[in-house]
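According to this note's numbering, the sequence shown is numbered sequentially starting from 1.
See structure below.
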Amino acid sequence: MSEEEGEGAEKPRYETLEDLPGIGPSTAQKLRELGFHTVESLAMATVRELEPAGISEKKALAIISAARSSIGIAFIRADELLKMRQNVLRLTTGSKALDKLLDGGLETQTITEFYGEYGSGKSQICHQLCVNVQLPPERGGLNGAALYIDTENTFRTERIVQMARHLGLDPQNVVKNIIYAEAYTSDHQMFLLENADEVIKENNVKLIIVDSLTAHFRSEYLGREMLAARQQKLNKHMHKLIRLARAFNAVAVVTNQVMAKPDMFFGDAIHPVGGHIVGHTSHTRIYLRRASHSPVRVARLVSSPYLPEGEEIFKITENGIEDISEEEKTKSSGR
Ligand code: GTP
Ligand code: MG
């Protein structure tokens, strides 16, 4: 966000929690325990979330509004929303075709969900994005670092090294700019994200990945009677993610497995785990599947706030995510 956007109005800039009006050392301590380490995260907080720190509704409103004005977001006028929208940046996937499907790449400030079955390439795309985000804007990157929350222990440094080399980047540097956290349970996964704001700020993280969003939830919350509790938690988790993405103008990516619905005989029987709640909060959803030729993948843009549905193909090779040649395209057109 540029400094000139204040239109003459002097906006106070707060660096730490203690700088905000009405926050003393003990309140700051309590807020940190609740996972609010930065002014940015407070700007995206709700009044109710600050309650456990012993903050009254009136005071919470004042703190949140001061934090918002400090980082230049106040949800008051449509023109300001437009301004936020103008700050949206795009991150390349590494495939021109896939970028085209997404109108230029993955957007900051929103969540992009990749879903598909085993081996469809969800984690490979996540790895590639961790490398690409470090590229300069002229190469489709965001000059930033990545945060990778891994729930299935599938992150591989060796794969990052391969992809970095292919792009002519120093693998050692690239690896250093990926902050990795393994989540052992769904609660741990939520805890990691709830406490991520400081790490994001300090490391200039521009890409936040949760791979996989739903695996722990799926294995821990079994049966119909636990469905409501699961959805509520998933919803909270996704909202935390979207707020971080907005506060730090970062790209957020989640992956999701698919579930075949045995009771459905017609239509598309493949459904992402998490159903409607995940669908509503994740703004862009892409369904990945293998084509008949093994390195080739089909990406289908299933929903987006403003882009039309569509399909593109790409491939996963030694180098990472790449476009396929015209020749390969004709070969795979029988998919
Ligand atoms: P789950 O997490 O199990 O649901 O699958 P996923 O969608 O995350 O699959 P993932 O992204 O891990 O894709 C794995 C596939 O990517 C493999 O089956 C390979 O086809 C391909 N792949 C992974 N690494 C390499 C590599 O180094 N070289 C090549 N050529 N292909 C690779
Ligand atoms: Mg995976």
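All C-beta atoms, glycine included, are put in the ideal place defined by N, C-alpha and C.
All values reported here derive from a predicted model rather than from experimental measurement.
The beta carbon of D99 is closer than 7 Å to those of T92, T93, G105 in its chain, skipping five residues each way along the sequence. Going by beta carbons, S56 and R13 fall outside the 9 Å limit. Distance from the C-beta of K236 to the nearest heavy atom of the ligand MG is not below 8 Å. Under DSSP, F191 shares a beta bridge with no residue. Annotated three-state conformation of N256 is strand, per DSSP. Taking one beta carbon from each stretch, the region 231 to 244 and the region 191 to 208 have 3 or more pairs nearer than 8 Å; the two touch.
Under the 10 Å beta carbon count, D211 is surrounded by 16 or more other beta carbons and is classified as buried.
Beta-bridge pairing by DSSP links D150 to E182, D211. Per DSSP, L288 is one residue of the beta strand (DSSP E) stretching across 284 to 290. Under DSSP, T108 shares a beta bridge with V251. Secondary structure note for R224: it is in no alpha helix (DSSP H), with a DSSP letter that is neither H nor E.
Taking non-hydrogen atoms of the ligand GTP into account, the C-beta of K122 is found less than 8 Å away from one of them.
By the criterion of a C-beta distance shorter than 7 Å, A53 is surrounded in its chain by T27, K30, L31, L34, once the five residues flanking it on both sides are discounted. S95 is positioned such that its CB atom lies closer than 9 Å to that of E312. The beta carbon of V251 sits closer than 6 Å to the beta carbons of L91, L106, T108, L207 from its chain, once the five residues preceding and following it are set aside; these are given in chain order.
A distance below 9 Å separates the beta carbons of H127 and G320. Only buried fits N177, as 16 or more other CB atoms lie within 10 angstroms of its CB. Here R297 is bridged, per DSSP, to R290, F314. Secondary structure at R139: helix, using DSSP grouped into helix, strand and coil. Taking 8 Å as the cut-off, one finds no heavy atom of the ligand MG near enough to the beta carbon of T112. Residue pairing by DSSP puts Y115 in a beta bridge opposite N256, Y287. Sixteen is the threshold: when 16 or more other Cβ atoms of the shown chains lie within 10 Å of the Cβ of Y287, as they do, the residue is buried. In the DSSP secondary-structure assignment, S303 is bridged to R285. Closest in alpha carbon position to E40, among I23, G24, L61, A66, is A66.
Counted as a single uninterrupted DSSP element, the beta strand (DSSP E) harbouring I321 occupies residues 320 to 322. In this structure, the C-beta of Y118 approaches the ligand GTP to less than 8 Å from one of its heavy atoms.
Excluding its 5 nearest sequence neighbours in each direction, F36 has C-beta neighbours in its own chain below 6 Å: L42, listed in chain order. Excluding its 5 nearest sequence neighbours in each direction, A97 has C-beta neighbours in its own chain below 7 Å: E312, I313, F314, D323, listed in chain order.
In this structure, the beta-carbon distance from G116 to V133 does not fall below 9 Å.
With fewer than 16 neighbouring CB atoms inside 10 Å of its own CB, D187 falls in the exposed class.
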